[in-house]
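Taking it in order: structure first as structure tokens, then the write-up.
Residue numbers (this note's numbering), protein chains in the order written: chain A, 1 to 260; chain B, 1 to 260; chain C, 1 to 260; chain D, 1 to 260; chain E, 1 to 260; chain F, 1 to 260.
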């Protein structure tokens, strides 16, 4: 293909790619407050970089295109901090569903949602499920941190703070790598209150307090150990994990189709 | 309290309990096909038993009531197999939200959702999040298998099949323990096709194929090793884990309130 | 059948019953404030008892199963009194519609809604109508007090208060019969204000005042004449009327089908 | 007032009337097939006539205005016969709700819905209830046949067919009185099939069959006994009953207000 | 046809007209505040007159019927002034869509929306577009002032104020012509504040300020130059332009059909 | 400001800018089929370029930031051609509303919608109106071709085809200027069928035929006269007109505020 971007192609080029079994990746991000030091586009910067790099690599092995990044997500819990553009959960559900339904009409039988903002997860999962119920297609869905958990642990990414956290050491390092001029280093504090309840349950169990759904003052940890070099390493590691998952998943779908 | 059931009480009794800091547990289940051998109420039998036992135990340590079980869930992926009563994702979202909003109006500041059906998870998580955004309250949410993962692993529950799976060895054992007369043992097969893609990704990554979202023919594994004894052990283990989590979570909320 | 409960059966058992012309009854109730003396589950206790008894009797004469009781209804007018779990009218409409649509997909051609809470009536009637418009099926719908009006009059049930009223003599007698330990007799008053407008119009005409849609202080009349014995008589009379209506209605559907 | 029509007045005239305690009547009708012989505006012709006459009379005794007739209703069950303009139940609910909310904003504290089409009843009742829950106002709601049941029985209106029925003797007589040139007398048959199930239950109990929700071929009875003279008598009788109810209801609201 | 009104006909008469290629016009109006001097039904009076006259004339040349006027529109920006009955944008969208969908089911292949209230334009345009996307039909849509812009300019209608404006000279003249007894001449002022931003952009560009979306105090200009004679001239001119457009548009549809 | 992009800033930077009276521009585009020769991102390429250039220029004169481009719009009429990602009108309405509501919460009192796809116009206009009704703010909204109509006419842009048309000479020239490598010149035809009805009415009047809402075969005219040089000229002219309108509109708002 002349480009990894679905939207660089004409309708016939997209249609032929889709009907011949090619997959499409829909990357989901957000525009929301990221503490006093990071730009509100942090999730979109990170997801945009990871999506582009990982699809580019995966495209060497499997036929896959990347749809336009959705830069606005479900960020209701950040609205009160300002600087946030959010779709309500109901609106977001309909948006992701309409995107998926459009891609089915465009001929795609393999649709992959790739997510870079925690607040988008429930609706993404719901839609991925619903589309495969309704249409004779395959769907897949994951957040990048789920895909890169083990490889990030292997490089001890948690040394800068919880992974991914929110506007803490991990995300700060990533933005330092991608857009260093946008990081307000003068606003990075040395310490951050701990909330013992946040990680009280096992994985999958949620506990939330009004006003503190994403740490104190809208971020989870003081990013004082973040550096651009670490950010580059994290992003590279994530792109590797995501591209690997894309290849394995699309190939599993191809093998599965042979059994029909 | 005269009963662990919220609904056994009068309005004033409920109101006083809620306003004095008591928590309420909302248990979510389903009525859906469970293969050729299990009753369609399987998830409700299991969740009903687990919820009642775990709240009863937790109530010894923390103030907590149990709301009526919601026996219908989000089971669109099972409708085509028959025997299923499902709410669409949008309807289910509104139902869980309205229940939560009612409990806030009833005075509760600590609302816990406890889930027993995979298809309910995204909307439960979304609502638990939204309620804590909108109101000055605490919420928590988890599926029983997330809470009991480690303790079930410790007793090697996976020897009968994936945990929880769907209508496989694990759930069959549980129904044999609870309502043995409803299990059609004559319809239990010896083998079941494997789908290599289902568990292809890491935890949190979803891959789904039209018609095979919950294994082949609507169930995940042949339950030929299930016994009522194992089922009793699993249920007891789950109730222990869930009651432990309830106590820890409600106490963490209580401690958190002191910091306000 | 091994049980009158639809949900005790497997998907194939339900499917065969439905496709061979069997009917299904969906009982609708509520969890809402019932004055200072009755449990908030009053409507569900009563409807649950009436539904189970009347379907059990009707099943001797016609093929009929009972779906899980829906214990939460449309109780917006009770929320301000506390102790209430309510679905908004729009949510409730979608819930009853989704239940009906699921039963159609499960193969049922005869769907009967049986109601035990006044606030559920409009949406139940709308959905019963809509389902028969949309699908080649029969539907029926009624509240128990409409079906038992004449037989309750014959035993002078109104001697304890208006029938059914709300949390007055009639419902108090019923709960005394079913769950006497849950009645707060110490909270039953001797008198109750009269509102002359409530019954000003003929049957079918509604007049409502903000805050007094169900009598004063959330109940219609002082239940001082209620006894458990009267409650047992009322419930028995209602179950008789309802089972009679179920048999006549399902038989009329069967005769009607022969004329197609 | 210079006119009984609310909409003939300016905003200040409406506002002063409303805030001084005046009531407003919202008349609900339909545009839908009425068999092979009546115009599709039958319900609107009848409701328009009854509403205008009864409000005019009532206005002699109580302060009341009439809002514009809503000529389109909830007629999904008639769409398949053609000639029908229908709002879906959800749309209709929102329309009646928005009308009511607007009237509250316009200052009205007494809102009366008057209905002339059976399919509108559930949503009208729901909205009348909801408005009084949400706002410190009075609402009332009734269909004209409920209000005139006894007086129509007294003049034996049922001699021409069931009252009101649909497109049968009763409505045909009314249109003969109002718009005789629109009645296709050449399409009036001599006989009509009977459906024994339609009136099988007691008042309030619904039974419906796909395609026959309003009699056979979209009407309930052969109108061969209808005459314009009978129609005039029926309409006059109905207007009397409705105006009487309006006066009694609005006066009861006024008395009730004094008790606040 | 015996009448230009669709609703004067029976279902078979409507069906035959529609299926033989006849068009239907849906006129959209409003009930909303029109300053201190005009009745709240102003838009409905004007649109009703224009629609009836222009369809009557067009019917001499092309087969066309007129559906019932929708007298309530999207007037949220007027609610705060009182005297207004408004449907929210979402409700209005559904209403116009349901009307269009009904007309498609009634057999019409040519549906024309004719609008007399600015607030209705976006949703009318959206629905006209959507219907033609979804069904194999033609749709058309316009507001009367767009159709009569040139002919009103030719008679210098703007001498009384902006055309159409809101409750200014233009509309006042029209109501003086149609219902002079309803105009409160004692409430017509001599001057009116100018808002320079309102017409700052080119045609198609909107600028709005909270509370001043339709001029100051809910009207755009002092109607001191309005007369009944001018109103008659404007209305006659508009009816001519609209009927001309109807004929040209329906004939273009007929020619277009021949090319299929 | 360090950047014209709102999303490059931190939450505090955005909040201070907004609360001090700065404006925000929301650019709306689409991803949809553009005939056999243009990429599906055509509207987003053009709107993205115009928005960035015109806001950059306007920012020299008035305080204004640019929100992230919304690259998916309301393109239902293009879905059947393939290569299209569309939000349904209801979804799109909610998306634009949620974006606007978020910006209000973020502190903005001047919100400008700038549109580059015809199908987005009705909902954009509706939302711009609604936001100014609901909140004490200013809104503005326009499509770029409305703003540049006169200046494009002055340079005779219509020599290449109707302006803007769809995927015809005008848009082809623009993409040739922006992304020449994406234009499939081998797919540009020499001629294109004319549809006489499309421009039959005056400005503001819509006529649409199923399947031909945007010309034949999904485009309006053969772009054989398009060149990159013309495209650069058109884009430069548009950016000038849009930035001029932005400055005039924001200054008019500022002057208007002084009159409050």
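Ideal placement from N, C-alpha and C gives every residue a C-beta, glycine not left out.
Cross-chain neighbours of residue i in chain A, by beta carbon under 8 Å
i	result
residue 11/F	33, 34, 35, 36, 40, 81, 82, 83, 84, 218
residue 107/F	82
Neighbour list for residue i in chain E, Cβ cutoff strictly below 9 Å
i	result
residue 76/F	129, 130, 133, 134
Contact set between residue i and chain D, taken where Cβ atoms lie within less than 7 Å
i	result
residue 196/C	252
residue 213/C	129, 132, 133
Closest residue to residue i among the options (Cα-Cα distance)
i	options	result
residue 231/E	178/E, 159/E, 102/E	178/E
residue 133/F	160/F, 121/F, 100/F, 143/F	100/F
residue 122/C	204/C, 165/C, 59/C, 60/C	204/C
residue 5/A	56/A, 238/A, 37/A	56/A
residue 144/A	173/A, 82/A, 246/A	246/A
residue 218/F	82/F, 46/F, 2/F, 10/F	82/F
residue 200/D	228/C, 146/C, 194/C	146/C
residue 34/E	129/E, 26/E, 172/E	172/E
residue 211/B	137/A, 213/A, 249/A	137/A
Beta-carbon neighbours of residue i, restricted to chain F and to distances below 7 Å
i	result
residue 88/A	98
residue 102/A	79, 84, 85, 86
Buried or exposed (CB count within 10 angstroms, at least 16 for buried), residue i
i	result
residue 189/B	exposed
residue 259/D	exposed
residue 159/B	exposed
residue 142/D	buried
residue 148/C	buried
residue 154/A	exposed
residue 186/B	exposed
residue 193/D	exposed
Partners in chain C for residue i, counting only beta-carbon separations shorter than 7 Å
i	result
residue 262/D	No answer is possible for residue 262/D: the residues shown for chain D start at 1 and end at 260.
C-beta atoms of residue i and residue j nearer than 7 Å
i	j	result
residue 28/C	residue 48/C	no
residue 59/A	residue 207/B	no
residue 31/F	residue 7/A	yes
residue 96/A	residue 127/A	yes
residue 166/E	residue 220/E	yes
residue 228/F	residue 53/F	no
residue 71/A	residue 44/A	yes
residue 163/D	residue 25/D	no
residue 107/B	residue 244/B	no
residue 75/B	residue 88/B	no
residue 225/C	residue 169/C	yes
residue 213/A	residue 77/A	yes
residue 157/D	residue 235/D	no
Interface residues of chain F facing residue i [CB-CB closer than 9 Å]
i	result
residue 146/E	201, 202, 203, 204, 205
Partner residues on chain E for residue i, Cβ-Cβ distance less than 8 Å
i	result
residue 143/F	204
Proximal chain A residues relative to residue i, where beta-carbon distance stays under 7 Å
i	result
residue 14/F	40, 82, 83
Determine contact between the segment 180 to 188 of chain A and the segment 106 to 119 of chain B, defined as no fewer than three beta-carbon pairs at a distance below 8 Å. By the Cβ criterion, the segment 180 to 188 of chain A is not in contact with the segment 106 to 119 of chain B, since fewer than three pairs of Cβ atoms, one from each stretch, lie closer than 8 Å.
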